[in-house]
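A.B. asks: Take a look at this one; I'll ask things after.
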Amino acid sequence: MAKLEIKNLTYIYSEGTPAAKKALNNINLRIKQNEFIGLIGRTGSGKSTLAKHLNALLKPTEGKILLDGEDFWHKPKKIRNVRFKVGMVFQYPEHQLFEETVYKDIAFGPSNMGLLEDEIEKKIHMACEFINLDFNLLYKSPFELSGGEKRKVAIAGVIAMDPEILILDEPTAGLDPKSREQLLCQLHYYYKSREKTVILISHNMDDIAKYSDRIIVLDDGNLIMFDSPKRVFSQIDLLKSVGLEPPQITSVMRSLLEVVPGLSDEILTVDEAVEALLNFVKNR
């Protein structure tokens with residue numbers, strides 16, 4: 058059984074009005090437990106709308122979303138429980154910080170779950186360890202922190218609820234390259250060690266290629282592809298037709314094929330490129 062299954066999902070904004078717009082069109086997906094999923098598409102493709110459905114912030118116009126085989130909306134009065142199981146980190150989540158201390162901000166979600174204080178404390182420390190947040194910051198005001206630290210606090214607040222599925226909408230937006238790489242490494246470690254399902258929305262194809270097991274490609278509300286990074290990024294013409302490009306290193310290595318015959322045209326990361334070039338030099 059799939060961990061998360063989307064069946065014939067269609068969503069129409071402002072349905073029944075002159076402003077009606079179909080944002081998702083008959084989407085079907087099956088996502089497994091302990092999978093790292095990349096979600097890509099140009100602006101307006103339906104990425105955020107899909108993510109909001111997965112967090113039960115939107116109700117399908119048609120179709121169903123199943124978690125462990127159970128329809129999200131089978132018991133509408135208990136939909137809040139779904140949001141504890143499927144955590145979502147919005148773009149620029151630090152804008153949502155509001156408590157007096159970092160501790161209280163991270164504790165907000167677990168408190169709403171009805172956990173006891175000692176359980177909440179354990180969840181907070183677990184989240185801080187995974188996101189590499191200094192424990193000395195816990196009793197500071199979140200507004201005294203740097204931008205990168207605020208981002209970690211906001212993400213820790215979702216991780217502290219220990220959701221089965223974690224959705225991240227452009228979590229590295231606005232971060233410098235070093236901070237971006239550190240944050241993604243920490244999130245990948247969380248996914249691996251806790252055997253969670255993670256869905257990463259990003260415009261950075263290099264990040265998507267490096268960390269994803271499979272990639273969802275949306276365009277104008279339609280599912281274009283759902284496959285491995287190598288298969289997705291081998292479809293250069295199709296990607297360009299929907300306004301997307303392969304990772305930068307993939308484009309560079311394909312250009313090198315003209316002068317260095319024999320290189321693979323399926324290289325997606327810098328590490329793979331370095332290995333391929335070293336092997337070429339070694340075998341000359």
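Count along the sequence shown from 1, then add 57; that gives the number in my numbering.
Where a beta carbon is used, it is the ideal one built from N, C-alpha and C, also for glycine.
Measure the Cβ-Cβ separation of G166 and F141 and say whether it is below 9 angstroms.
C.D. replies: Stepping through the sequence shown from its first residue, residue 166 is reached at position 109. Stepping through the sequence shown from its first residue, residue 141 is reached at position 84. In this structure, F141 lies closer than 9 angstroms to G166 by Cβ.
A.B. asks: What are the start and end residues of each continuous alpha helix (DSSP H) run of 4 or more residues lying completely inside the region 254–328, in chain order?
C.D. replies: 262–268, 286–290, 293–298, 305–313, all fully within the region 254–328.
A.B. asks: With burial defined as no fewer than 16 other Cβ atoms inside 10 Å of the residue's Cβ, what is the status of R208: buried or exposed?
C.D. replies: In the sequence shown, residue 208 corresponds to position 151, counting from 1. Buried is the call here.
A.B. asks: Under the criterion of a Cβ to heavy atom distance below 8 angstroms, does I188 qualify as lining the ligand GTP?
C.D. replies: What this structure holds is no ligand at all, so the ligand GTP is not there to describe.
A.B. asks: Name the DSSP bridge partner or partners of D128?
C.D. replies: The count along the sequence shown starts at 1 and reaches residue 128 at position 71. For D128, which the question treats as bridged, DSSP gives the partners L123.
A.B. asks: Check this for me: beta carbons of L96 and I281, under 9 angstroms apart or not?
C.D. replies: Here residue 96 refers to the residue found at position 39 of the sequence shown. Here residue 281 refers to the residue found at position 224 of the sequence shown. In this structure, I281 does not lie closer than 9 angstroms to L96 by Cβ.
A.B. asks: What do you get for T254, buried or exposed, if any count of 16 or more other CB atoms within 10 angstroms of its CB means buried?
C.D. replies: Looking up residue 254 in the sequence shown gives position 197. Answer is buried; the Cβ neighbour count reaches 16.
A.B. asks: What does the Cβ neighbour count give for C242, buried or exposed, with the cut at 16 atoms within 10 Å?
C.D. replies: Stepping through the sequence shown from its first residue, residue 242 is reached at position 185. By the 10 Å Cβ count, C242 comes out exposed.
A.B. asks: Taking the DSSP output, what are the residues bridged to D226?
C.D. replies: Taking the sequence shown and counting its residues from 1, the one referred to as residue 226 is at position 169. Partner(s): I258.
A.B. asks: Buried or exposed: where does N65 fall if 16 or more other Cβ atoms within 10 Å of its Cβ makes it buried?
C.D. replies: Start at 1 with the first residue of the sequence shown, and residue 65 comes out as number 8. Exposed, because fewer than 16 other Cβ atoms sit within 10 Å of the Cβ of N65.
A.B. asks: According to the Cβ coordinates, are I212 and L202 closer than 9 angstroms?
C.D. replies: Mapped onto the sequence shown, residue 212 falls at position 155. Mapped onto the sequence shown, residue 202 falls at position 145. In this structure, L202 does not lie closer than 9 angstroms to I212 by Cβ.
A.B. asks: For E221, which of V143, N336, H131, T74 has the nearest alpha-carbon?
C.D. replies: In the sequence shown, residue 221 corresponds to position 164, counting from 1. Nearest of V143, N336, H131, T74 to E221, Cα basis: V143.
A.B. asks: Is the distance from the Cβ of L223 to the Cβ of Y246 below 9 angstroms?
C.D. replies: As a working mapping, residue 223 is identified with position 166 in the sequence shown. As a working mapping, residue 246 is identified with position 189 in the sequence shown. No.
A.B. asks: Would you kindly check if the distance between the Cβ of E302 and the Cβ of L296 is under 9 angstroms?
C.D. replies: Taking the sequence shown and counting its residues from 1, one reaches residue 296 at position 239. Taking the sequence shown and counting its residues from 1, one reaches residue 302 at position 245. In contact: L296 and E302 (Cβ atoms closer than 9 angstroms).
A.B. asks: Would you tell me roughly how many angstroms separate the C-alpha atoms of L154 and I163, rounded to the nearest one?
C.D. replies: Here the question's residue 154 lines up with position 97 in the sequence shown. Here the question's residue 163 lines up with position 106 in the sequence shown. Using only the alpha carbons, I get a separation of about 9 angstroms.
A.B. asks: Is DSSP giving T67 helix, strand or coil here?
C.D. replies: The residue you call residue 67 lines up with position 10 of the sequence shown. If DSSP states are grouped into helix, strand and coil, T67 belongs with the strands.
A.B. asks: CB-CB under 8 angstroms to F337, same chain, minus the five flanking residues each way: which ones, in chain order?
C.D. replies: Position 280 of the sequence shown, counted from the first residue, corresponds to residue 337. If we look at F337 and ignore the five residues flanking it on each side, its Cβ neighbours are V317, G319, L320.
A.B. asks: Quick check on L81: does DSSP put it in helix, strand or coil?
C.D. replies: Translated into positions along the sequence shown, residue 81 becomes position 24. In the structure shown, L81 sits in a strand (DSSP, three-state: E or B).
A.B. asks: From the DSSP output, in three-state form, read off R251 for me.
C.D. replies: Locating residue 251 in the sequence shown gives position 194, counting from the first residue. In this structure, R251 counts as helix in the three-state DSSP scheme.
A.B. asks: Just the Cα atoms here: how many angstroms apart are L115 and Y149?
C.D. replies: To locate residue 115, count along the sequence shown from 1; it is residue 58. To locate residue 149, count along the sequence shown from 1; it is residue 92. When rounded, the distance between both Cα atoms is 20 angstroms.
A.B. asks: Looking at I181: is its Cβ nearer than 9 angstroms to the Cβ of A230?
C.D. replies: Numbered from its first residue, the sequence shown carries residue 181 at position 124. Numbered from its first residue, the sequence shown carries residue 230 at position 173. The answer is no: Cβ separation not under 9 angstroms.
A.B. asks: Give the secondary structure of M380 by DSSP, where H, G and I count as helix, E and B as strand, and everything else as coil.
C.D. replies: In the structure displayed, the chain extends from 58 to 341; residue 380 sits before or after that span and is not available.
A.B. asks: Spell out the partners DSSP gives G144 in its beta bridges.
C.D. replies: Within the sequence shown, numbered from 1, the residue matching residue 144 stands at position 87. The partner list for G144 (beta bridge, DSSP) reads L223.
A.B. asks: So, with DSSP's three-state summary, where would you put R208?
C.D. replies: Here residue 208 corresponds to residue number 151 of the sequence shown, with the count starting at 1. Correct three-state label for R208: helix.
A.B. asks: Could you have a look at L107 and say whether DSSP puts it in helix, strand or coil?
C.D. replies: Residue mapping note: residue 107 aligns to position 50 of the sequence shown, counting from 1. Note: L107 maps to helix in three-state DSSP.
A.B. asks: Can you round the beta-carbon distance between N82 and G278 to whole angstroms, since I take them to be within the 8 angstroms contact cut?
C.D. replies: In the sequence shown, the residue the question calls residue 82 occupies position 25. In the sequence shown, the residue the question calls residue 278 occupies position 221. Between G278 and N82 the Cβ distance is about 5 angstroms, and since that is below 8 angstroms, they are a contact.
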